[in-house]
Structures are given as structure tokens and as C-alpha cells.
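All residue numbers in the sequence shown are consecutive under our numbering, ending with 317.
C-beta atoms are modelled at their ideal positions from N, C-alpha and C, and glycine is treated no differently.
Each remark here refers to the structure printed beneath this line.
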Amino acid sequence: MKVFMTGGTGFVGRTLTKRLTERGYGVTLLTRSVKRPESLPPGASFVEGDPTQKGAWQERVPEHEIIVNLAGASIFDRWTKKQKKTIRDSRVLTTRNLVTALSGREGKETVFLSTSAVGYYGFCGDEELHENSAFGSDFLASVTREWESSALLAERFGVRVLLCRFGIVLGTGGGALAELLPLFKKGLGSPLGSGKQWISWIHEQDLVDIYLYLIEQKGETGPINCTAPNPVTNKELTRALGDALEKPTFMPAVPAFVIKLKMGEVGSVLLNGQKVLPKRLLDMGFDFRFPGIREALKDIL
């Protein structure tokens, strides 16, 4: 079977591509500039194009039974009006263009795994959130809702759509740990704000396992919380990361006003959070390799 992937050269995409090709899938990666073929594992290839723009790349999509949409600009830059537009367009326009291309798969068995995020739920304090929980009203929640709505339009072509709501992805070579490790290795790790905000996280390997699992679950559609079954508070994550590195974490918490001053509106993402549980995956019987934060960090580090 063949997989068409956006965002495949990123942190999660590289690992997923490797695992897919190892299982015998052919993978086509959409990229804005074609890189050296030797940088790809056997069974993978590049096609050039900008996913936010219509183009010749869309003609390649119907050749594939599985579509994986991982594209999306980083949210961790100061949210100017221009940056907010980039965050939205990189998700919504890419998804709409993929759905347009999927019209060529009408009547054929197809699965579309479109990335989403736990930001869909907004900031809900200590409330436990499942896939049927209501959406939020902040900027990220509104973007995520539009992102998912765009993906669901593929159902009109008979496509099976899965909305993979990512938590914070922990792994090697990128993601949140790439930002945290330099400080923690110097013994400068500390909680942010109150430290009581929930972090819904997922080990990179479990996330890739989820994708492979969902491809094979023929009857499943709709939202899937891609998070570990044991979310932690920011304070607990700080302590666990310090212990894993054998570094102290006695530095005082970074005050909320400092984070807001430095990062602006995006600071709210760091100071608030969501306690998201993977109810549907657990109901399906999915087996997490790393359900707890300490075992996950031990494996990664």
C-alpha cells in the first residue's frame, strides 16, 4: 500500500516514515524543496510542492490509499497578526487542498489521518477531557476546530477520516524536549507559573504505533486523543525530567508575568493546559509502551 504524507520531513514525520517503510509501505513525502534522495529510507520518495497552494502535487494524491497530514507551522512564536495567519493557513489550507485532491479517490477504499491537537478543548483546568468533550473558545481551539472541519469534508468522497489530536510529543531529535533539555542539563529547570497546569503528553514511539494501529482499524473514524493515559502537571514533568537527567530542579518557578512579557499571547499555552485522556484508544484495546512519564523519559534519555 502507498502513503502520501505532508510534514513528513519534520520531527514526527521522519520517525513515521521510517516505520512505515520498514513495514513495506511505499511513502511519498510532499516537500517545498526536493532534498537529496539518499536522505530517505528505501521505499520513500519526494514530490515537490507547497501544501498551502494548489498545484501539480495534488495529481499524485489519488495514487495513494493512505493520506497522512502532519503539516503545520510551529505555534511557539510570538503571535503577531502575521504569525496567527501562518499558523492557521499552514493547517487549514493544507487540509483543504488535500481534500480537494482526494476527490480522485471517490469510490476507492481510502483512509485520511489528519493531525489535530488537544488545543481543540481549550483550557479546562482539572477537568478530564475525552473525545466527546466540547471545544474551546481561544485562538488555538478555533483554529483546531476549523482544521478538523476541513478534514471531515473528505467524507463526502467515501474517505475514512481520523482526527489525531496530538498532545505534547516527547522524543529524540525535536519536539518539546529539544527546547527543555539545554536548560535542564545546566540544572536550570523549573516549573512555569503555578506548575499546576496539566501536560497531556505522548512518547514519539507510541504516537507512531497509534498511526500504524489506526490504519489497520478499518471501521474507526472521527477524533482520537493521541496522548498517554497518565497526564502530568507541569511541576511533575519538571521533577521527572530533572530526575531522569540527575539534575536539580530547585530553581524557583518562572513567574507567569515573565512568561507573558517574553512570549505574549502564546504564553497562555505554557501557563494553562488540558487534562486529556485517550479514551477511544483505551476502549479499542491499544497497548501503550510508555504509559508513564518516568518510563518514557528514561527510554528517551
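Segment limits, beta strand (DSSP E) that includes G42: G42 to T47
I83 versus P264, D303, L36 and K70, residue with shortest Cα-Cα distance: Closest by C-alpha distance to I83, out of P264, D303, L36 and K70, is L36.
Endpoints, alpha helix (DSSP H) assigned at E64: Note, E64: premise wrong, no alpha helix (DSSP H); beta strand (DSSP E) at A60 to E64.
Reference G289, options H80, L196, K98 and N250, closest by Cα: N250
Environment of T96 [buried if 16+ CB atoms lie within 10 Å]: exposed
Cα-Cα separation, L193 to I215: 13 Å
Test item: CB-CB of T68 and T110 under 8 Å: yes
Given L86 as reference, the closest of L56, R39 and T33 once Cα atoms are compared: T33
Segment limits, beta strand (DSSP E) that includes G308: It is not in any beta strand (DSSP E) - G308 carries neither H nor E in the DSSP assignment.
Reduced DSSP secondary structure (H/G/I, E/B, other) of V19: strand
Nearest-angstrom Cα separation, counted from D225 out to K314: 19 Å
I275 CB to nearest heavy atom of the ligand NAP below 7 Å: This structure lacks the ligand NAP, and indeed carries no ligand of any kind.
Inter-stretch contact at 8 Å, needing at least 3 Cβ pairs: the region 186-202 / the region 136-150: no
Expected contact under 8 Å - CB spacing of L114 and C180 to nearest Å: The Cβ separation is near 14 Å, so there is no contact.
G65 to P58 span [Cα, whole Å]: 21 Å
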